[in-house]
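Position one of the sequence shown corresponds to residue 15 (my numbering), numbered consecutively onward. Just so it is clear, CB atoms sit at the ideal spot from N, CA and C, and this is done for glycine as well. This report concerns only the one structure given below.
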Amino acid sequence: MSETAENRKIIQQPFEYLVPGMQLSRDVCSTDGKVLVSENSILTQSTIQKLSNWQIPSISVYTEVTTLNPLLDPKLQKFLNTYNQSVSVVQQAFNDIRAIQEIPLDAFTVTANELATGVVETGNVIDRLYNLPPCDDYTIYHSVNVSAISALIATWLNYPPDSVNAISLAGLLHDVGKSRLPLELLHKPNRLPPDSYEQYMKHVALGYHLVSKNSAISPSITAAVFQHHERRDGSGYPGGITDYYIHPYAKIVAVADLYDEGMTINCENPQSKLSPYFSLQKLRDEVYRLDPKICITFTDNMTNFLSGNRVILTDGRQGRVVYINKYQPARSMVQLDNGIVLDLSEQNDITIHYIVR
Numbered sequence: 015m016s017e018t019a020e021n022r023k024i025i026q027q028p029f030e031y032l033v034p035g036m037q038l039s040r041d042v043c044s045t046d047g048k049v050l051v052s053e054n055s056i057l058t059q060s061t062i063q064k065l066s067n068w069q070i071p072s073i074s075v076y077t078e079v080t081t082l083n084p085l086l087d088p089k090l091q092k093f094l095n096t097y098n099q100s101v102s103v104v105q106q107a108f109n110d111i112r113a114i115q116e117i118p119l120d121a122f123t124v125t126a127n128e129l130a131t132g133v134v135e136t137g138n139v140i141d142r143l144y145n146l147p148p149c150d151d152y153t154i155y156h157s158v159n160v161s162a163i164s165a166l167i168a169t170w171l172n173y174p175p176d177s178v179n180a181i182s183l184a185g186l187l188h189d190v191g192k193s194r195l196p197l198e199l200l201h202k203p204n205r206l207p208p209d210s211y212e213q214y215m216k217h218v219a220l221g222y223h224l225v226s227k228n229s230a231i232s233p234s235i236t237a238a239v240f241q242h243h244e245r246r247d248g249s250g251y252p253g254g255i256t257d258y259y260i261h262p263y264a265k266i267v268a269v270a271d272l273y274d275e276g277m278t279i280n281c282e283n284p285q286s287k288l289s290p291y292f293s294l295q296k297l298r299d300e301v302y303r304l305d306p307k308i309c310i311t312f313t314d315n316m317t318n319f320l321s322g323n324r325v326i327l328t329d330g331r332q333g334r335v336v337y338i339n340k341y342q343p344a345r346s347m348v349q350l351d352n353g354i355v356l357d358l359s360e361q362n363d364i365t366i367h368y369i370v371r
């Protein structure tokens, strides 16, 4: 998400006061509705000259001085504090499970409710999760991320508050079975040999065994833990069941799980971790295996926050995203530093590589 959109005031600037470096807050359109210059474009001398030729009297721009540091926003700061505390709580909970083979449900429930409340109060906070320092224990951070993302998806789908909390808890518990696996299996599961990967997949059944032992955990949450790797075309695991039989909560957790995996699990190239464009495109490419409504609701809402980011392309050039291609986010429109606008949907071998932080 662009910090500009959240933290800078929009003003209507007369043409005579336009200068290079200003950022558009809205599209500049012709009288017939054609977009002349896209929202979030950075003005150059050439663009200003074109606006003069088009006789545009004024445009909407963001103020040039940031009035609020986003990390000082009370709601956001409160959520980030909750997030950091949640990581510590879940880390201890996983250690307890390894020791006593029982789920400390109170700790998980309180944490899930606090994450859900923070998401509802703060709005989209997903990109902030990936601005935090890198972690040593992927499973713990992944569980907390999936909880927060699942709660946000449920909110966008207009689930009632109690259901949002339940879905948040399902996200927090979805990988609890990994606490019963050898630690060496947990670091790079996407690169395990077939026999080891088969053992890794047992985390679903192990998680189901743990949650089903606790009668206070509802069947809907248990189903989400057991089914979050199932796919509507029957290609998932552990049961290979199809759409009708997959619990709605499991479908939400599946989308959150895949998005976070796309952002964090690729350790071969750490820079690719910071590409929500690629992760969202991966979800779009998988939409036939996921629940389409959930997947599209999530990707459409997320793309609303991705315009304006500075990015590096796969060919090394840098620029700013000026228009999001909702169907292929990694192939959006980017204004390069020299002012040229590239429509990456028309480029066969260039995509957005990662966000410049």
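Roughly how many angstroms separate the alpha carbons of P34 and T169, rounded to a whole number? 40 Å
Opposite S72 in the DSSP bridges: which residues? P28
In chain order, each alpha helix (DSSP H) run of at least 4 residues that lies wholly inside the stretch 179-241: 208-214, 217-226, 233-241
Hey, would you say E53 sits closer than 9 Å to S293, going by beta carbons? no
Who does T256 pair with in a DSSP beta bridge? D247
Can you pull the DSSP bridge partners for R324? R334
Alpha-carbon to alpha-carbon, I140 and M15: Unreliable positioning characterises M15 in this predicted model, as indicated by a pLDDT of 39, which lies under 50. The coordinate reading is nonetheless provided below. If I take the Cα positions, the gap works out to 9 Å.
Where does the unbroken alpha helix (DSSP H) through Q99 begin, and where does it stop? 88-114
Are the CB atoms of V239 and V218 within a distance shorter than 9 Å? yes
What is the rounded straight-line gap between the Cα of Q115 and the Cα of R245? 29 Å
How many whole angstroms separate the CB atoms of R331 and N323, which I take to be in contact at a CB cut-off of 8 Å? About 15 Å separates the two Cβ atoms, so there is no contact after all.
Go to H367, then tell me how far its alpha helix (DSSP H) extends in each direction, as first and last residue. Not the alpha helix (DSSP H): H367 falls in the beta strand (DSSP E), residues 366-369.
Reduced DSSP secondary structure (H/G/I, E/B, other) of M347: strand
Do three or more CB pairs link the stretch 354-361 to the stretch 61-70 at distances below 8 Å? no
Assigned secondary structure, D357 (DSSP; H/G/I helix, E/B strand, else coil): strand
Separation of L166 from N138, as counted between CA atoms: 7 Å
Going by the CB atoms, is the gap between S161 and S100 shorter than 9 Å? yes
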